[in-house]
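**Student:** Under UniProt numbering, think of the first position of the sequence shown as 1, with each following residue one higher.
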Amino acid sequence: MSLSSDAIYTQPSESQIEDLVATFYARIRSDPELGPIFRQAIGEDWGPHLRTMCSFWSSVMLTTGKYKGRPIPAHLKIGGIEPRHFAQWLSLFEATAHDLFPPALAAAFVERAKKIAESFKLAFAFHSPDPAQWAAGLPPLVRP
C-alpha cells in the first residue's frame with residue numbers, strides 16, 4: 001500500500017515532531033508572557049514535559065497512541081491562564097511550524113493546534129467563574 005502525496009506532506013516523522021517540540025518550547029521559555037506560566041507549572045527540569053509533548057503530538061499527528069494523559073485537567077490546575085495566552089501560544093506554535101516545515105505539513109500541525117486550543121478554551125470557559133471572558137475567542141453555539 002502506498003501513501004498518497006498528501007499524506008507524505010502532511011504526516012510528520014517522529015524526528016520532525018521532536019524538532020517541533022524542542023523548538024516550540026524553547027520559544028515558550030523565552031516568551032515574556034508564557035514563559036513564567038510554563039516555568040511555574042513545569043519547574044526547572046523540562047525533559048519529562050518535552051517527552052510527554054512528543055508523545056502527545058505523535059498521538060495527534062500519527063495516531064500512535066503513545067500519549068495516555070488527560071491534558072485538560074492538568075492545565076486547569078495552572079493558575080494565571082487567560083484567553084490571551086491561548087492566542088500567544090497558537091501564534092508561537094504557528095510560527096514554529098512554518099519555520100520548520102513545508103507549507104502543507106505546517107498547515108496540518110496548525111490545524112490540529114487550533115482545534116486543541118479551542119477545546120482548551122471551552123474547558124476553561126466551562127470551569128471559569130467568569131465564562132464571559134472566554135467567550136470572545138470561541139465559536140458561537142449552534143443549537144438544533
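Glycine is no exception: its CB is placed at the ideal position from the N, C-alpha and C atoms.
In this text, all values refer to a predicted model and were calculated from it rather than measured experimentally.
In its own chain, which residues sit with a C-beta less than 8 Å from the C-beta of arginine 143, not counting the 5 before and 5 after it?
**Tutor:** What you label residue 143 is simply residue 143 of the sequence shown in a count that begins at 1. With a pLDDT of 48 at arginine 143, under the threshold of 50, the modelled position of that residue is not reliable, and no figure is offered here.
**Student:** Kindly indicate the opening and closing residues of the alpha helix (DSSP H) around serine 128.
**Tutor:** For the purposes of this step, residue 128 is taken as residue 128 along the sequence shown, with counting starting at 1. Element bounds for serine 128: n/a, residue is neither H nor E.
**Student:** Mark serine 119 as exposed unless 16 or more other C-beta atoms lie within 10 angstroms of its C-beta, in which case mark it buried.
**Tutor:** In the sequence shown, residue 119 corresponds to position 119, counting from 1. By the Cβ-count criterion, serine 119 is exposed, with fewer than 16 other Cβ atoms from all chains shown falling within 10 Å of its own Cβ.
**Student:** With a CB to CB cut of under 7 Å and the five nearest residues on each side skipped, what residues in its chain are close to threonine 96?
**Tutor:** To locate residue 96, count along the sequence shown from 1; it is residue 96. Around threonine 96: Leu20, Thr23, Phe24, Arg27.
**Student:** Taking the straight line between their C-alpha atoms, what separation do you get for proline 36 and isoleucine 116?
**Tutor:** As a first step, residue 36 must be located in the sequence shown, where it is residue number 36. As a first step, residue 116 must be located in the sequence shown, where it is residue number 116. Near 21 Å, if we compare the C-alpha coordinates of isoleucine 116 and proline 36.
**Student:** Compute the Euclidean distance between the alpha carbons of alanine 104 and arginine 112, then round it to the nearest angstrom.
**Tutor:** The sequence position of residue 104 within the sequence shown is 104, counting from 1. The sequence position of residue 112 within the sequence shown is 112, counting from 1. So the two alpha carbons sit approximately 13 Å from each other.
**Student:** Tell me which residues share the same chain as leucine 76 and place their Cβ nearer than 8 Å to its Cβ, disregarding the 5 neighbours each side in the sequence.
**Tutor:** Residue 76 sits at position 76 when you count from the first residue of the sequence shown. These residues qualify, in order along the chain: Ala123, Phe124, His127.
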